[in-house]
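Worksheet for the structure shown next.
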Amino acid sequence: MLTAKGEATRQRIVGGAAAEIRDHGVAGTTLDDVLARTTTSKGQLFHYFPGGREELLLAVADYEAGRVLADQQPYLGRLDSWAAWQAWRDTVVRRYSEQGVHCPLGTLITELGRHSPAARAVTGRLIAQWQEAVQAGIAAMQRSGQIAPGLDAARTAAAIIAVIQGGVTILMSTGSSAHLEAGLDTALLFLREGTGLRGRVIAARSA
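Right, dumping it as structure tokens:
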């Protein structure tokens, strides 16, 4: 277990490596670059990351995954009003629009190997935490009577995360946030209308 000082040193290395990768990409970042940026000795770096570059990249991927969620606060953590949901929607769109076609986390996961257990674990934790936060927001709105109680909060939250990921993938391919915005706007409309929207869809299909 690390001391407070040791944890601070480790976080400084991870943060510095993340900044270096954001500036120069994974391929353009060496351990020597990280050492220079963080004023860390090689001995210190290998003390905290005995697995070397791959272990450091995994730690940076975890750090970047945490930033995905942190950048959506404070709204993601308190989706208890329609104003909060709209503010969260705007924050997500703005974050990814500013990021553009370059995704540090995606690049790191690709470098680590998308199907490697370590990379899948990082992605899995991010998706699970993100979905839990959205699900908690839906449940809070159900308790206050603002979302229909019959809506499946878990499946709806999973669908919203899928909408975001699909929109971000298209944004990274085209540079346009139009699909991300359309997907989120449709998701919020569905939440507002709840089972009533589902009922009208079923009725339309039956007509």
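Adding 804 to a residue's 1-based position in the sequence shown gives its number in the working numbering.
Note that beta-carbon positions come from the ideal geometry of N, C-alpha and C, so glycine has one too.
Is the beta carbon of Val864 sitting closer than 8 Å to the one on Ala821? Going by C-beta atoms, Val864 is nearer than 8 Å to Ala821.
Any chance you could list the alpha helix (DSSP H) runs of at least 4 consecutive residues sitting entirely within the stretch 867-947, in chain order? Listed in chain order, they are 886-903, 908-916 and 921-947.
Reduced DSSP secondary structure (H/G/I, E/B, other) of Phe994: Helix.
Under a three-way DSSP split, which group does Asp989 fall into? Note: Asp989 maps to helix in three-state DSSP.
Is it buried or exposed for Glu811, if we count other Cβ within 10 angstroms and need 16 for buried? Classification of Glu811: exposed, given that the 10 Å Cβ count is below 16.
Using a threshold of 8 Å, state whether the C-beta atoms of Arg826 and Pro908 are closer than that. Going by beta carbons, Arg826 and Pro908 fall inside the 8 Å limit.
Residues in the same chain with beta-carbon distance under 8 Å from Ala888, minus the five sequence neighbours each way, listed in chain order, please. Once the five neighbours on either side are set aside, the close Cβ partners of Ala888 are Tyr879, Arg882 and Gly941.
For the alpha helix (DSSP H) that Gln848 lies in, which residues bound it at each end? Annotation for Gln848: the continuous alpha helix (DSSP H) segment containing it runs Lys846 to Tyr852.
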